[in-house]
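Residue numbers (the numbering used here): 1105 to 1358. A short worksheet on the structure shown next.
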């Protein structure tokens, strides 16, 4: 079986001591493609370098809303320049986060719209980070349409999910699936069509239940696959094949 990790911060320092060993173990489990989204200008080079060094690592470039304090004038121009020089599979990780207080929502919105405009001009999908802001994100996407993408770590309503699907998006599910008390996520994963779902780890965060308290890793994607198949009452091989097709379709992976 082959599965794709559509969201993994493999460039983070958490993996500096064993990154190549992890990639090797992923390959042994059929995890041959890993999408590595950036979070701000400081790690764009690490992400692109990883994509050049490891054939199965696919970079995405963007500015995460929770890294707004690091944003400086000129960052968007620098992003455009880097996109001219380096192929990427998406603009991301971008979005809106209204969950944490103290972050300027208007500045988040402006940065989000600017990055959506870049994605629209370049016809690139986007990797969305959304917390307590799904309606705002959906309304923005209607005004600034892009070629789809992934709503990472989706936790909205079924109605919101349907609106994302209508806009060409897939919905990302990961380690939360492995926790028995995550009933809301389980309901979403059960009721959505399998064609809507992609798998992800968000490593080193959002660790699976079997490794609770430790570092998450892309090699644990198989735990989320097993959980998704169990929740849906479907064969793991079928779930693996369809989620892989979904990832390839929405991100144009090769």
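Think of the CB as a built atom: it goes at the ideal place given N, C-alpha and C, for glycine as much as any other residue. Model, not experiment: these values are computed from the prediction.
In this structure, the straight-line span from the alpha carbon of residue 1311 to that of residue 1109 is close to 14 Å. With contacts defined as CB atoms closer than 8 Å, residue 1107 and residue 1135 qualify as a contacting pair. The beta carbon of residue 1303 lies closer than 8 Å to those of 1107, 1108, 1109, 1110, 1276, 1277, 1278, 1325, 1328, 1329, 1332, 1347, 1351 in the same chain, with the five residues before and after it left out.
Across the structure, residue 1225 and residue 1284 are spaced so that their CA atoms are roughly 42 Å apart. Residue environment: residue 1212 is assigned as buried (16 or more neighbouring CB atoms within 10 Å of its CB, all protein chains considered). Only residues of its own chain outside the window of five on either side were considered, and among them 1207, 1208, 1211, 1212, 1215 have a CB closer than 8 Å to the CB of residue 1172, listed in chain order.
Our two residues, residue 1155 and residue 1119, have alpha carbons roughly 15 Å apart in a direct line.
One thing to note: residue 1169 has its Cβ within 8 Å of the Cβ of residue 1233. Spatial neighbours of residue 1315 in its own chain (CB-CB distance under 7 Å, excluding positions within 5 residues in sequence) are listed in chain order as 1324. Comparing alpha carbon positions, the residue from 1230, 1219, 1174, 1281 closest to residue 1268 is 1230.
Rounded to whole angstroms, the Cβ separation of residue 1294 and residue 1235 is 22 Å, and the two are not in contact under 8 Å. Sequence-distant partners of residue 1115 (beyond 5 residues in either direction) whose C-beta falls short of 7 Å from its own C-beta, in its chain, are 1140, 1147, 1150, 1151, 1154. The DSSP assignment places complete beta strand (DSSP E) segments of no fewer than 3 residues inside the stretch 1162–1228 at 1194–1201, in order along the chain. In this structure, DSSP gives residue 1156 a helical state, which the three-state scheme calls helix. A direct Cα-Cα distance of roughly 29 Å separates residue 1183 from residue 1265. Looking only at 1301, 1223, 1157, 1105, the smallest Cα-Cα distance to residue 1256 is reached by 1301. Excluding the 5 residues flanking it on each side, residue 1113 has same chain C-beta neighbours closer than 8 Å at 1140, 1141, 1143, 1306, 1307, 1308, 1309, in chain order.
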